Each structure stands twice: as structure tokens, then as C-alpha cells.
Ligand SMILES: Nc1ncnc2c1ncn2[C@@H]1O[C@H](COP(=O)(O)OP(=O)(O)OP(=O)(O)O)[C@@H](O)[C@H]1O
Ligand SMILES: Nc1ncnc2c1ncn2[C@@H]1O[C@H](COP(=O)(O)OP(=O)(O)O)[C@@H](O)[C@H]1O
Ligand code: SF4
Ligand code: SF4
Ligand SMILES: [Mg+2]
Ligand SMILES: [Mg+2]
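Protein chains in written order, with this note's numbering: chain A, 12 to 335; chain B, 232 to 567.
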């Protein structure tokens, strides 16, 4: 990271789903910046809104979802307000997304080569020869043998190979920002390690900003520069990875780190979080974590906690740190 | 032969489970050796955690031990008696005594049945209750045991009205309802919210204290394997291509792994500490990909990837030997 210049600035973003059960407030009044050149890790339990957030940035949400408030500033333009025609020039060209569970989204009847050609064609590039050259270059960068992989069908590749193909596909048009939604979740330990190492190498070789989404905090510790912790549609803490892991401020972040069974640390200190994550149709009032929080104050169930900068660049949404 | 402290509850002896499958487009027949010569002892009240990469045979081994798959060769002994030689009554007793909890709590409950119906069915099937009133009492007791209170309320619910963690508790209650002596828990926390996973593992451990259940816990997560086996004083067994390559006390296997495969996995796994995790790098394996189980390498099955492979490794299969007290490994590095 050279300078702390933001490349994406999100302010007050709220995204909802219209469902039979009512309005699901999947992302609720979320604000944060992505710094040029960084790997920003977003961590949270299943259903906390991570995927919705990533789909909101690129406006590739399901039909029953809507961004109802906020702005997403990228290069001086608000992506929330951008006409669809203009948004097409951002997707894949500038900001690219490898969606969750994309491994199964590769077309089984198409060779990998055709996936690259079709993707480029969709984005207005038709020169097959240069696309295949670019694809080979990227596959090589991701340590795959281009001739063999390009001529393969998806089922002929292992999960780790498919995940690397998807990353190469996302990089095809030289985007500035790459969003990866749970890219290592379905993979075995050794394959996950290989992908993490590759992403680290990748950022040394090309200019790229990454948003890395996962439910596994160990992966964040391994790769990210900064971490944003999500709980029930909100970001509750954001800061430098080393600081947040060493001294987490938010009670949820602390509890989350303690709840991970790991091969390091004392087994006796590992503890589950009591209760369960709330239903986002009817989230608890005030701080959404209050029913599970061991440090809650009377005000926590009444008013939403404010944002507090506990150290430069380290923000926490919690009443414990508010000056009252 | 593996040594044990308590009486053996279940023993697998040179167990093999093969699947006959079509190979490629030509339709040539191939054999997947999902379990290929496993010796394993689970003691009364014991804990064995099986870890290994996807497809190494964990579920197949678990299902075979639970009597859901028939061994191709080798045998399973239940309380010293070979399952293949049991009469009907003994076989029924074995099937009741070994219950399985599957990975997906969503798929394992019938959406049209209430919690009461789901839990009372095995009670009636195994004739453990005689009346509806007795069934109700027992179901309430089971719900209390798995922490679903008040039980009167949970009894009436349908699966869709429960969270993932609550569903898994119902599935566990169903498994213990027939008083099994062994529960095979196949990835019981994989589909559960991270913050609730330890709660389920703690529940299983508590049930062992209260009911004396032994466990075969299956997971691909070394952290969860360590937590469960270390807290319960059990062992961890590492599987690779149908074989157990290392087995020993939990902390021993995690802190001092012996087999090159176990070492590679432990070196690779990210940990929730940036200082430590960032020093990790891909171990120097000769290949990243697991060989196809249709065509496993001869000798030590890991030799195509092992950084320490020697000439003998490709020729002869290493035996499982006791390298340290209670800590077994199948690798030529440890055999003189
Ligand atoms: N019914 C079946 N027919 C054919 N092959 C099978 C069958 N069941 C399992 N296999 C194969 O046997 C091997 C072991 O599978 P198994 O499901 O036991 O692995 P596992 O260790 O439980 O994997 P995972 O971690 O993915 O659950 C795999 O190669 C699998 O494809
Ligand atoms: N298509 C959809 N329709 C209705 N609700 C949805 C849909 N997709 C996600 N949700 C809900 O939105 C919330 C956030 O989901 P998601 O963004 O997928 O979380 P995460 O990626 O953190 O697991 C959850 O409550 C989820 O059930
Ligand atoms: S605001 Fe209150 S309830 Fe929420 S995390 Fe902070 S102390 Fe706990
Ligand atoms: S027997 Fe040989 S190939 Fe197998 S793990 Fe040991 S050293 Fe490696
Ligand atoms: Mg998601
Ligand atoms: Mg399995």
C-alpha cells in the first residue's frame, strides 16, 4: 500500500430483499472505504450480508433485492445512481466479482477457452487471438498450464483449478478492483493454501485492489491488510488486521475470534457465542448484537450504537466506547 | 494391533469398501477403493476423530461402521462379535447401538413432520416406549438434554421454524433417543454458523459424560478435530486415499505430527493470528492434486506427492507402527 487513497467509498448503504416473510434488511446503513492497492477482508457469519454487499457494489442483485439508500463512490461517480448502460462499462472492466459458489457456474458443455472468449465478447471484445493470449498469460500467473487448461471442460478440472480459472476470468479485462466472495470455502486445506499464496503473489505482480469475503477469520489473518467485521447486516468493527486480531474492541469480534476452533491457542479458551444470529426480517432494536452480548449496557437495546474511532483508522460501532 | 485402555466397542479389521463404477466415456469398469485396509478400534466411551481431504473415504468408513454399507472384505466387530456372524437379534442390537448424524441438518429432517414426530418415530420403531404419554415424556427429556427448552414448545415445531443449530440439536436428539453406545457424527458442524459450532461439539461432549456415548467424529477441519478430541481425551486419525496414515492422542498429532501428509496439512492451515499465519507457505509437495482413487499409486499412496519419498515408498506399502507411545504412523521414515 503506497498511499491511503480510497478507490471505493461506501456511505450509508442499505440493501433489502422483498420476501414473503417481509422486508429482509440484509445490508443496513453500512459505510466504509476501500483503499487503493489493499486487500480488504470482510468477515461475518452466514447470513450477515456479505454476499449482498458484494452484489450491491456491482449492482448484480437478484430481482427481489433493492438498494434503498446510500452511495458507492468510485472514481468520482456514484455507482448507485449510474444508468445501467454506464454500469456495464464498470463491471468486469473496472470492478470484477468472483461470486460465491461460482465453481458450479461454469458451463459444463463449454471448454475453458470458450469461457474466456464468450466473456470478452459479452464485454465487446472480439479479437479471439489476443483474448486467448491474455487468458494464457493469466492462467500462467495463476500457475496453471494454459494449453491443457484452455482445452479442458470444467469437469476435467479439480475444484482448486476451477477456482483459479474463475479468478483468471475475472482478471481478463484488467480490472482495478477484484471482489472474491468465499473463494476458498469449498476447497481442501492444501488447495486453499495454494490459492492464498497465489493471491499474495498476484498483488506483487499486478496493480490490484482486492475485497476478500469469507466466514473464516483465519483466512483473513493470513491474507488481508484490513478487516471489516459484519454482523446482522452491519459492519461492527473495521481496522488494520494486526491491530484487530491483537486487540479487538467490539464484543462480537472478540467473541467471534474466541469461537473458532484452531490448531493454535488453548482449547480451554475457545467458547461458542450464546444465542444465535438474528432474523433480519425482525432484527433486535438498538445494537443488533445485544441479545448475545455479555457486556451490554441499558442503552444497547434502545439506541443504535454510534461509530467511534478508537485508534486512528480503527472504527468500532459499540456503546462501550462512546463518550456520553 | 492397536492398544486400548477401555474395552473395545467397535473394531474394524483390515476393512475394505470398494465401489464398482463406470470409468470415463468408454464405460470401462473401474474400482474406487474408498476404504482400503483400515484397522481401527473405538473404545467404550471413546472418541476417535477422522480427518482428511475430501474424498479420502471418511464418510464411507463411518457408514460402514454404522452398518449402512457392507464391507467388501475385512470385518467389523461389535463388542467382540463379528457383525457378519451375528444372528438377527444380535444384528438388530448392533444397528440400534450405532447411530449416525449426517452433515446436512436440513436434509436429515422431514419438513412435514414436527419435532415430536421426528423424535418419537425411532422410539416406537425400537419399541422403547409403550404409550403416547411415555413417548411424550421421553421426547421432552431428550429435548432438554440437547438444550432445546422449553421442550413443550419445541415439540410442536416444524423444521423450517428452527435455525440450523437447533435442527442439528434435533438430529442429535434423534440419534441418542435409542440409547446408542456409538454415534458416528459425519461433519455435524460444517453447515452450522461459525459462532455456534463449538456449542454443538460441547453438547456432544456433555452427552458423553451423561450417557456414556462413544463417538466417531468426522471432519475436514483440523481445528475442530483438535477441539473435540483434545477436550474429550480422544485420538485423531488422519486418512489419505482410503487408509489411516496416522493416529494418536489429539494434541500429539496436532503439535508433533509424524506423517509427511499430516505435517503438510498442519503447515498449510491458516490460523487466526496474522503474525503466525503469514509465515505459512505451501509445503514443498511434489504435486498439489490428490491422485484419482480409481488409480491410486502403488506402495505408499502418498509417494507421488511426498517431499520425503524414498525408493522403497513406491514399491512397498508401509505398515502402521507405534512410533511413540500410543501414536501410530504408516511411513517408511519411521520403520527401521
Ligand atoms: N456410492 C458411491 N459410488 C461410487 N463411488 C463412491 C460412492 N460413495 C463414495 N464414493 C467414492 O469413494 C471415495 C470416498 O468417498 P467418501 O464420501 O467416503 O469421502 P469423504 O472423505 O467423506 O469426503 P468428503 O470430505 O468430501 O465428505 C470418493 O472417491 C468417492 O467419490
Ligand atoms: N434472494 C434472496 N431473497 C431473500 N432474502 C435473501 C436473498 N438472498 C439473501 N437473503 C437474505 O439476506 C441476508 C444476507 O444474506 P447474504 O448476503 O447471502 O449473507 P452472507 O453472504 O453473509 O452469508 C440473509 O438474511 C439472507 O437470508
Ligand atoms: S453496543 Fe452494547 S450490546 Fe452492542 S456490542 Fe456494544 S456493548 Fe454489546
Ligand atoms: S512412506 Fe515414503 S512416500 Fe510415504 S509418507 Fe513416508 S516417506 Fe513419504
Ligand atoms: Mg455469502
Ligand atoms: Mg464425507
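Positions of the beta carbon are idealized from the N, C-alpha and C atoms, including for glycine.
These numbers come from a predicted model, not from an experiment.
task = Spell out whether any CB of chain B is found under 9 Å from the CB atom of residue 208 of chain A.
result = Closer than 9 Å to some Cβ of chain B, the Cβ of residue 208 of chain A qualifies, so yes.
request  = Would you tell me roughly how many angstroms separate the C-alpha atoms of residue 544 of chain B and residue 131 of chain A, rounded to the nearest one?
outcome  = 47 Å
ask   = Between residue 422 of chain B and ligand 2, is the CB less than 8 Å from at least one heavy atom?
value = no
query = Excluding five sequence neighbours on each side, which residues of the same chain lie with their C-beta closer than 6 Å to the C-beta of residue 62 of chain A?
reply = 111, 192.
Within chain B, the residues that residue 121 of chain A reaches when beta carbons sit closer than 9 Å = Simply none; closest approach about 18 Å.
ask   = Residue ranges of each alpha helix (DSSP H) run of no fewer than 4 residues wholly in the segment 64 to 126 of chain A, ordered along the chain?
value = If only complete runs of 4 or more residues are kept, the segment 64 to 126 of chain A shows the alpha helix (DSSP H) at 95 to 101, in order along the chain.
task = Could you please give the first and the last residue of the uninterrupted beta strand (DSSP E) stretch that includes residue 172 of chain A?
result = Per DSSP, residue 172 of chain A belongs to no beta strand (DSSP E); it is in the alpha helix (DSSP H), 170 to 181.
ask   = If you compare alpha carbons, which of A/187, A/89, A/154 is closest to residue 171 of chain A?
value = A/154
message = Taking CB distances under 9 Å as the criterion, tell me whether residue 396 of chain B reaches chain A.
response = Taking Cβ atoms only, chain A reaches closer than 9 Å to residue 396 of chain B, which makes this a yes.
message = Quick check on the burial criterion: 16 or more other C-beta atoms within 10 angstroms. Buried or exposed for residue 33 of chain A?
response = exposed
request  = Starting from the Cα of residue 513 of chain B, find the closest Cα among A/212, A/263, A/236 and give me that residue.
outcome  = A/212
Alpha-carbon spacing of residue 291 of chain B relative to residue 316 of chain A, whole angstroms = 50 Å
request  = Would you mind giving the Cβ-Cβ distance between residue 283 of chain A and residue 270 of chain A, rounded to the nearest angstrom? I have them listed as a contact below 8 Å.
outcome  = 5 Å
message = Give me the subset of the segment 277 to 288 of chain A whose CB atoms are less than 7 Å from a CB atom of chain B, sorted by chain position.
response = 278, 281, 282, 283, 284, 287, 288
request  = Give the interface partners of residue 389 of chain B over in chain A, defined as CB-CB distance under 7 Å, in chain order.
outcome  = Here the premise fails: no neighbours, minimum Cβ distance about 15 Å.
query = What is the chain-ordered set of residues for which the beta carbon lies under 5 Å from any non-hydrogen atom of ligand 3?
reply = Taking each Cβ in turn, the ones that pass are A/262, A/298, A/300, A/301, A/304, A/306, A/307, A/311, A/316, A/329, A/330, A/331.
task = Measure from the C-beta of residue 375 of chain B to each C-beta in chain A and report whether the shortest distance is under 9 Å.
result = Cβ-Cβ to chain A under 9 Å: no for residue 375 of chain B.
message = Let me confirm a value: residue 343 of chain B is counted as buried when at least 16 other C-beta atoms fall within 10 Å, else exposed. Which label applies?
response = exposed
query = Where does residue 313 of chain A sit, in a helix, a strand or coil, going by DSSP?
reply = coil
query = Unbroken alpha helix (DSSP H) runs of length 4 or more, entirely within the segment 335 to 422 of chain B: which are they?
reply = For the segment 335 to 422 of chain B, the full-length alpha helix (DSSP H) segments reaching 4 residues or more read 346 to 356, 363 to 376, 382 to 386, 395 to 407 along the chain.
message = Our contact map puts residue 380 of chain B next to residue 374 of chain B with C-beta atoms below 8 Å; I'd like the distance itself, whole angstroms only.
response = 7 Å
query = Tell me the DSSP bridge mates of residue 245 of chain A?
reply = DSSP output for residue 245 of chain A lists A/242 as bridge partner(s).
ask   = Would you say residue 458 of chain B faces chain A, with C-beta separation under 9 Å as the test?
value = Judged by the 9 Å Cβ criterion, residue 458 of chain B is in contact with chain A.
message = According to DSSP, simplified to helix, strand and coil, what is residue 251 of chain B?
response = strand
request  = Give, in chain order, every residue of the segment 403 to 429 of chain B whose Cβ lies closer than 8 Å to some Cβ of chain A.
outcome  = 424, 425, 426, 427, 428, 429
Short CB-CB distance (under 9 Å) between residue 468 of chain B and chain A = no
inquiry  = Using only the alpha-carbon positions, how far apart do residue 387 of chain B and residue 402 of chain B sit?
reply    = 15 Å
query = Would you say residue 61 of chain A touches ligand 5, meaning its beta carbon is less than 8 Å from a heavy atom?
reply = yes
query = Taking just the CA atoms, how far does residue 554 of chain B sit from residue 260 of chain A?
reply = 45 Å
ask   = Excluding sequence positions up to five away, which residues of its chain have a Cβ less than 6 Å from the Cβ of residue 177 of chain A?
value = 109, 113
request  = Determine the DSSP secondary structure at residue 212 of chain A, reduced to helix, strand or coil.
outcome  = Helix at residue 212 of chain A.
ask   = Hey, which unbroken runs of the alpha helix (DSSP H) at 4 residues or more fall wholly within the segment 273 to 348 of chain B?
value = 289 to 296, 319 to 328
message = Looking at residue 168 of chain A: is its Cβ nearer than 9 Å to the Cβ of residue 160 of chain A?
response = yes
query = Given residue 333 of chain B, which residues of its chain have a CB within under 6 Å of its CB, disregarding the five upstream and five downstream residues?
reply = 339, 417
inquiry  = In whole angstroms, give me the CA-to-CA distance for residue 231 of chain A and residue 238 of chain A.
reply    = 7 Å
query = Using a Cβ-Cβ cut-off of 6 Å (strictly less than) and excluding sequence neighbours within five positions of residue 12 of chain A, which residues of its own chain qualify?
reply = Residue placement at residue 12 of chain A is flagged as unreliable, the pLDDT there being 44, under the threshold of 50; a coordinate-derived value is accordingly withheld.
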